Each structure stands twice: as structure tokens, then as C-alpha cells.
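Let me begin by presenting the structure, written as C-alpha cells, before commenting on it.
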Amino acid sequence: QLLLEWLIDTVAGLGEQALLKSQQTAFEYGQRSIGQAYPHIHQLTQQEKIETLQDQAALIGYVASVEQTNNFFDITFSLHSCPFRSLLDQYSDIVCLLHEKYLHGQVTAIFGHSNFEQKTNMLHNCTVCKYSITNVNESK
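Start counting the sequence shown at 545; every next residue gets the next number (this note's numbering).
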């Protein structure tokens, strides 16, 4: 916990360039986590990819729900208990942004390009952090 606080404080102190690099790193780590756990991810069926994403999301505290419309899937992630809650008072902008980038990296590794968007955030009087991934094409 203390090490994490030091790292985040360092990123905050180094400014915009450090934050941009941290975002890139979080995204790449999200992609890498999928690549290492599932080296043949692109050979999976769409349903297997969705199950993979649900499993990975659960590891970092998210609950994923999936809705299919025609040939597209819409996926919603909800986080009810932030694993970084103790850091939010002082570092909420950085912590939330990096957590989001990590998840976005995982989504990109599994599905390729998709519409990824944060819908709600615990910091803005909401009870959950919620993200949506829309228009995930079934044929990919």
C-alpha cells in the first residue's frame, strides 16, 4: 500500500508527461495481462471472449453484464467496491484514470477496437463506477 502511494505521488509530482506515460503503461499492462493468460485469444469464439472478459473483470473487482442486439454485444461493467478506496481522497484523478486504462487495455486485447466509455464514477455521488463497451461485433 505504501509503495503504491509513493508511486502515485511520484506520478502526480512529475506532471503531465508522467501521467500520460502512466496511462500508456496501464493500457499496455491490461493488454499484456490478457495476452499472457490467453495467448490464443483471437481463436476464441465471441462467447468465449465475453466469458474471458467477465472472468478477468471479476479479478479486479468488476461485475460484467452482457446484452446482445442483432450482431452486436453491449457490455457493461460495474464496480461496487473500489480496491483503491484508500487512495481516492488524495489521488482520485490518477487512480481512476489508470484503473480505467487498464480495463480498456484488456478490452482492446480481447475484442480489438470498440467503443469504451465511463458512464458513472463513485467520486461523483454514484454508488458504482460503471463502464460500457458498445458495438462489439459478433463476427470479430
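Don't be surprised by glycine CBs; every beta carbon is placed ideally from N, CA and C.
Since the structure is predicted, the reported quantities are computational estimates derived from the model, not experimental observations.
- With distances taken between CA atoms, Ser-622 lies nearest to Val-672 out of Glu-595, Phe-655, Val-672, Gln-634.
- Per DSSP, the beta-bridge partners of Gln-612 are Phe-617.
- Counting the other Cβ atoms within 10 Å of the Cβ of Glu-644 gives 16 or more, which makes it buried.
- Your pair Gly-574 and Gln-650 checks out as a contact, with CB atoms roughly 4 Å apart and the cut at 8 Å.
- Secondary structure of Ser-625 (DSSP, three-state): coil.
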